[in-house]
Amino acid sequence: MSLFNRRSNRQQDERWMGPDPTCDPDHGYGEESWRRAPGDYVRPKRRVMLQRGSVRHNLSGTNFYCRALDHLRWGSEVAVELVPEPQNPFDSTAVCVELDGTRLGYLGRGFAEFWHPIVRGFNAAGSYVRTSAVIIREDYCDNSIDVFLPDWSEWDSVARQSGLMTAFDSLWAQLSPAAQSDLINGYGRQPRWRTVREISEHRHLLPAIPPERFDEDQLPFTVLHYVRQRAIEEYERREGWTTDQSAQYRDHDVRLSGPRIEVCLDDDLTLDQTAIAVAVPKSDCMKLLGEYQALMTR
1 MSLFNRRSNR QQDERWMGPD PTCDPDHGYG EESWRRAPGD YVRPKRRVML
51 QRGSVRHNLS GTNFYCRALD HLRWGSEVAV ELVPEPQNPF DSTAVCVELD
101 GTRLGYLGRG FAEFWHPIVR GFNAAGSYVR TSAVIIREDY CDNSIDVFLP
151 DWSEWDSVAR QSGLMTAFDS LWAQLSPAAQ SDLINGYGRQ PRWRTVREIS
201 EHRHLLPAIP PERFDEDQLP FTVLHYVRQR AIEEYERREG WTTDQSAQYR
251 DHDVRLSGPR IEVCLDDDLT LDQTAIAVAV PKSDCMKLLG EYQALMTR
C-alpha cells in the first residue's frame, strides 16, 4: 500500500465508523463483514492487567455492538480484554476490545498501532492483556464504552515488559554500521532504501509487528520510536552530557513529549488525538514540538 493511500484511508475514517465496509472490520454488512477464525486468537493462561492510565479512549465501532452493552449499567467499570487481530484485512494492527469473549469495539487506528505489538508481545510470553473501562451513554447508541490506557510516560515501561525493547535490540544488532548510522543521523526520517531493506530482512526478529508493516513507505511505529531513542542517546553522548544531565533532561517536557508528538503527527493523528495520546494540553503540543525540533537541529 502506498503512503498516500495509507494516509488517505486513515484521514477518511480514523475511527472506523460509517457505511463504508472498510471502516469497521465487522460491521454486520453480510458477506462484506469479517470475523476472526476460531484459531486466530487463543487466550493465554496468565493475565496482565494494565495499570489504569490517564488516557481515556472511546472505542470505535461500538454502534455495531450495542446489544453486547445493553445489560451493563451506565457508569459501571469493567475489565476488558485487548485482542490483537493481525489477520484483519482492514488493518493488520487492529486491536479488538472484548468483555467475556464478546466483541465491544476496536481501538482507533492510531492507538491500535501503538498497542498492537505490545499486546502480541505479552501474548507470545503467555499472558493475555486486560485494561479498565467504563460504560457511558452515547447519542447514537444506548451504551458505549471508554477504555483507560497508560499515557506516553508509562508506555515505554509497558513496552519493555512485553519484550518489545529486547526484540528491537536483537534487530538493531543485526544491522550494518552503515544502516545504523543512516537511521541515527537521519533520526529515522526517510532512511535509504538499503537501510529499509536490511530492516525488512530481519523483521522476523520483531514478530509482534505484522510483516506487511515493513513493506510500507515508512518505518513501523515501534521501530521508529526505538530508532529515535537511539538517536537521542547518541546526541547526548556526542554532547558529552553527564549521567545526571541526561537524567534531568529526560524528565523535561521537551525531551519526553517532543519526539512522541512528532511521531503522532507523522502518523496522521489530529492535534486533538495527539494531545490525548501524549497526555499534554493541546495548546502546548506545537510549542513542545517546535522546541524539540530546534534542539535536535542545533
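Sequential numbering of the sequence shown, starting at 1, is according to UniProt numbering.
Glycine is no exception: its CB is placed at the ideal position from the N, C-alpha and C atoms.
These numbers were taken from a predicted model, which means no experiment stands behind them.
Of the residues the options, the one placed nearest residue i, counting alpha carbons only
| i | options | result |
| --- | --- | --- |
| residue 185 | 168, 215, 231 and 225 | 231 |
| residue 272 | 212, 111 and 61 | 111 |
| residue 223 | 169, 155 and 131 | 169 |
| residue 121 | 147, 79, 178 and 166 | 166 |
| residue 289 | 137, 45 and 261 | 261 |
| residue 100 | 131, 265, 39 and 214 | 131 |
| residue 205 | 53, 171 and 109 | 171 |
| residue 210 | 34, 45, 95 and 275 | 95 |
| residue 126 | 164, 48 and 287 | 48 |
| residue 225 | 84, 155 and 90 | 155 |
| residue 74 | 269, 150, 238 and 146 | 146 |
| residue 191 | 285, 234, 218 and 34 | 218 |
| residue 41 | 71, 85, 57 and 50 | 85 |
| residue 129 | 264, 72, 50 and 229 | 50 |
Residue i - DSSP class collapsed to helix/strand/coil
| i | result |
| --- | --- |
| residue 92 | coil |
| residue 144 | strand |
| residue 79 | strand |
| residue 188 | coil |
| residue 44 | coil |
| residue 285 | helix |
| residue 239 | coil |
| residue 270 | coil |
| residue 120 | helix |
| residue 84 | strand |
| residue 105 | strand |
Anticipated Cβ contact below 8 Å, residue i with residue j, distance rounded
| i | j | result |
| --- | --- | --- |
| residue 162 | residue 199 | Contact doesn't hold; Cβ gap of about 20 Å is too wide. |
| residue 135 | residue 69 | 6 Å |
| residue 44 | residue 123 | 6 Å |
Heavy atom of the ligand PLP within 7 Å of residue i beta-carbon
| i | result |
| --- | --- |
| residue 230 | For the ligand PLP, the structure offers nothing, since it holds no ligand at all. |
Buried versus exposed, by CB contacts within 10 Å (16 or more), residue i
| i | result |
| --- | --- |
| residue 55 | buried |
| residue 105 | buried |
| residue 144 | buried |
| residue 27 | Legend: pLDDT at residue 27 = 44, less than 50; position of this residue unreliable, no value from coordinates given. |
| residue 108 | buried |
| residue 113 | buried |
Residues bridged to residue i [DSSP beta-bridge criterion]
| i | result |
| --- | --- |
| residue 133 | 78 and 147 |
| residue 314 | Any property of residue 314 remains undetermined from this structure, which presents the chain solely from 1 to 298. |
| residue 226 | Bridge partners of residue 226: none, in fact. |
| residue 55 | 149 |
| residue 98 | 81 and 103 |
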